Amino acid sequence: MRSLPSSYELVAPHSLEHVLALMAEEPGTWTPVAGGTEVMVQFGAGKLAARRLVDIGGLAELRTITERGDELHVGAGITYADLRRNPVVASEFSMLSAAASWTGSIANQNRGTIGGNIVNASPAADSLPALLVYEAELVLVSTRGERRVPYVDFHTGYKQMRILPDELIRTIVLPRRYRDYVCCARKVGPRNAQAISKLCMAALAKTSSNRVDEIRIAFGSMAPVPLRLSKTESVLNGSTWSEATLRAARATLQTEVSPIDDIRSTREYRIAVAGNLLEEFLRGLFSKPPNAVLERWNSLSDVDAASEALSCCGSSAWARSMASARPYSDVQELLDRASEVWRGLGADDWMEAFRSHPRIGERHAEKATTAVSAEWSEGEQHDVQNAEEAIKQAIADGNRLYEERFGRIYIVCATGKRPAEILEILSRRLRNDDETELQESASEQEKILQLRLKKWLKQEGA
Ligand SMILES: Cc1cc2nc3c(=O)[nH]c(=O)nc-3n(C[C@H](O)[C@H](O)[C@H](O)COP(=O)(O)OP(=O)(O)OC[C@H]3O[C@@H](n4cnc5c(N)ncnc54)[C@H](O)[C@@H]3O)c2cc1C
């Protein structure tokens, strides 16, 4: 040890109030010690400039994790071991639990605190990128009262931060709105634990189908302070997932970061690995388990693939176009394309598809159709087949009027509709003009084909 203990003064008040009063008496003279995992390293190395130390490690006021409505309040004196064990942190702020689990050794995790990690302000600190993406706020306290600072504004430069000499961090406030987000925390170092990060990432995202609704990405060990990648986020927010989107995001990341070059790693390595981590996260968001039906259908000949597709929609132009655009990488791509092709067809092709359905209430279609299509039609119209005679008769009369009026079969997506509802829609549509009715029939056929595609894709255990 290169320090002389007797040249230091250490006090341990029993309450937060007493600590704050002491710090207010002579601001800047007292240095708080929480877990001491940083302070004692400096002490041991003879580099601890502060001579007067105030122990805050035992303060109960800083050692609670409390649920307050839509916020989780984490005391600054919470250790990594506390963080790891807390069920709310584990389920709603899993990136903090992950960072806690790979910080230092078990001994470090038992002593080291989140407040100490923030104020120590190492660019490589593992929990700080998570605080950035969770949009945490810090509650700073002094004898003058409390103030809240968004964490993003707290660190202003290397080891620079917005805290006054008489202030302590009391609480880290986490907004509880991430339950349905996908989160990913990664540490890159010689080992996961007992090693300082060459790079660490925290990212979360919300997606719907093939779209990035919201994404946040932050890196540690990249700059003098933990870095949020707002330009890369802008490229991704609202975008549809594709290889081109991924390339654009990686390219923006490269221009957005200007990593540090230090003993642990080079600038080039950090840029390359940051891009890889982002790519891994994005691919994970959109990779879906392969669909067995789709994979088999992708591998058929064009003729066989088109013939199978006819069960979902009786237009041969639609089926051929769907088959020729294979392979589809996933189900969503197929569903999107199915609607796109359908809408782009002409009236004759639409008519061909309409003719492949039996009349509502009947079993046989005008145009020869596949056995699968006939079976599905029966299922779709099951309720009408079993309806009261009076309703069935009213539908049959309506069908006749409709065919006299428009010269073709009445098309409605019967799935989930009661017979009376189908009759009501039929009566209303008899009042449509020709063009409106054609568009309405096409839109009902589009619903049918989408439902049938989904049913088809679920076969064979897919
Ligand atoms: C062997 C070893 C391995 C480590 N590995 C990692 C690692 O993998 N990842 C990582 O991120 N870190 C690591 N660290 C760093 C360290 O453990 C963390 O930064 C820890 O969170 C510091 O917390 P502490 O309570 O021990 O801080 P202390 O040493 O008590 O204090 C650190 C600084 O914070 C101030 N402070 C503490 N609490 C407050 C508060 N509430 N308000 C205001 N100021 C406060 C102190 O005055 C001091 O300036 C490692 C350290 C060691 C020694």
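Note that my numbering gives residue 137 to position 136 of the sequence shown, counting from 1, and the numbers run on in steps of one. Just so it is clear, CB atoms sit at the ideal spot from N, CA and C, and this is done for glycine as well. Bear in mind the structure is a predicted one, so any value in this text is a computation, not a measurement.
C-alpha distance - residue i paired with residue j, whole-angstrom precision
{"i": "residue 122", "j": "residue 326", "result": "54 Å"}
{"i": "residue 423", "j": "residue 403", "result": "13 Å"}
{"i": "residue 49", "j": "residue 39", "result": "10 Å"}
{"i": "residue 152", "j": "residue 163", "result": "10 Å"}
{"i": "residue 332", "j": "residue 295", "result": "7 Å"}
{"i": "residue 18", "j": "residue 24", "result": "10 Å"}
{"i": "residue 367", "j": "residue 238", "result": "48 Å"}
{"i": "residue 185", "j": "residue 204", "result": "5 Å"}
{"i": "residue 208", "j": "residue 71", "result": "22 Å"}
{"i": "residue 444", "j": "residue 387", "result": "26 Å"}
{"i": "residue 69", "j": "residue 84", "result": "17 Å"}
{"i": "residue 57", "j": "residue 270", "result": "39 Å"}
{"i": "residue 321", "j": "residue 410", "result": "24 Å"}
{"i": "residue 462", "j": "residue 288", "result": "Any reading at residue 462 must be qualified, since the residue scores a pLDDT of 41, below 50, and its modelled position is unreliable; no value is offered."}
{"i": "residue 231", "j": "residue 175", "result": "20 Å"}
{"i": "residue 348", "j": "residue 303", "result": "24 Å"}
{"i": "residue 149", "j": "residue 43", "result": "30 Å"}
{"i": "residue 141", "j": "residue 120", "result": "12 Å"}
{"i": "residue 129", "j": "residue 114", "result": "12 Å"}
{"i": "residue 240", "j": "residue 299", "result": "27 Å"}
{"i": "residue 112", "j": "residue 139", "result": "21 Å"}
{"i": "residue 196", "j": "residue 179", "result": "29 Å"}
{"i": "residue 308", "j": "residue 353", "result": "15 Å"}
{"i": "residue 434", "j": "residue 324", "result": "34 Å"}
{"i": "residue 248", "j": "residue 242", "result": "11 Å"}
{"i": "residue 336", "j": "residue 330", "result": "11 Å"}
{"i": "residue 319", "j": "residue 306", "result": "12 Å"}
Beta-carbon proximity check, residue i vs residue j, cutoff 7 Å
{"i": "residue 225", "j": "residue 219", "result": "no"}
{"i": "residue 272", "j": "residue 355", "result": "no"}
{"i": "residue 60", "j": "residue 78", "result": "yes"}
{"i": "residue 233", "j": "residue 257", "result": "yes"}
{"i": "residue 54", "j": "residue 143", "result": "no"}
{"i": "residue 206", "j": "residue 286", "result": "yes"}
{"i": "residue 351", "j": "residue 447", "result": "no"}
{"i": "residue 222", "j": "residue 125", "result": "yes"}
{"i": "residue 427", "j": "residue 408", "result": "no"}
{"i": "residue 315", "j": "residue 259", "result": "no"}
{"i": "residue 328", "j": "residue 385", "result": "no"}
{"i": "residue 81", "j": "residue 65", "result": "no"}
{"i": "residue 436", "j": "residue 430", "result": "no"}
{"i": "residue 90", "j": "residue 217", "result": "no"}
{"i": "residue 73", "j": "residue 177", "result": "yes"}
{"i": "residue 131", "j": "residue 100", "result": "yes"}
Cβ-based burial, residue i [other Cβ within 10 Å; buried from 16]
{"i": "residue 382", "result": "buried"}
{"i": "residue 172", "result": "buried"}
{"i": "residue 15", "result": "exposed"}
{"i": "residue 405", "result": "exposed"}
{"i": "residue 167", "result": "buried"}
{"i": "residue 449", "result": "buried"}
{"i": "residue 159", "result": "exposed"}
{"i": "residue 10", "result": "exposed"}
{"i": "residue 161", "result": "exposed"}
{"i": "residue 189", "result": "buried"}
{"i": "residue 12", "result": "exposed"}
Bridge-paired residues (DSSP) for residue i
{"i": "residue 56", "result": "34"}
{"i": "residue 80", "result": "114"}
{"i": "residue 220", "result": "202, 228"}
{"i": "residue 263", "result": "266"}
{"i": "residue 366", "result": "359"}
{"i": "residue 446", "result": "Answer by DSSP bridge pairing: none, since residue 446 is not bridged."}
{"i": "residue 161", "result": "158"}
{"i": "residue 253", "result": "In the DSSP output, where bridge partners are listed per residue, residue 253 has none listed."}
{"i": "residue 209", "result": "212"}
{"i": "residue 142", "result": "147, 169"}
Nearest-angstrom beta carbon gap, residue j and residue i [assumed within contact, 8 Å]
{"i": "residue 283", "j": "residue 250", "result": "7 Å"}
{"i": "residue 451", "j": "residue 339", "result": "7 Å"}
{"i": "residue 458", "j": "residue 211", "result": "Residue 458 to residue 211, Cβ: 16 Å. No contact."}
{"i": "residue 165", "j": "residue 116", "result": "That belief does not hold up - the Cβ atoms of residue 165 and residue 116 are roughly 15 Å apart, past 8 Å."}
{"i": "residue 360", "j": "residue 379", "result": "The Cβ separation is near 13 Å, so there is no contact."}
{"i": "residue 32", "j": "residue 51", "result": "4 Å"}
{"i": "residue 371", "j": "residue 311", "result": "6 Å"}
is_contact[residue i, chain D] using C-beta, thresh 7 Å
{"i": "residue 427", "result": "Of the protein chains in the structure, only one exists, and it is not chain D."}
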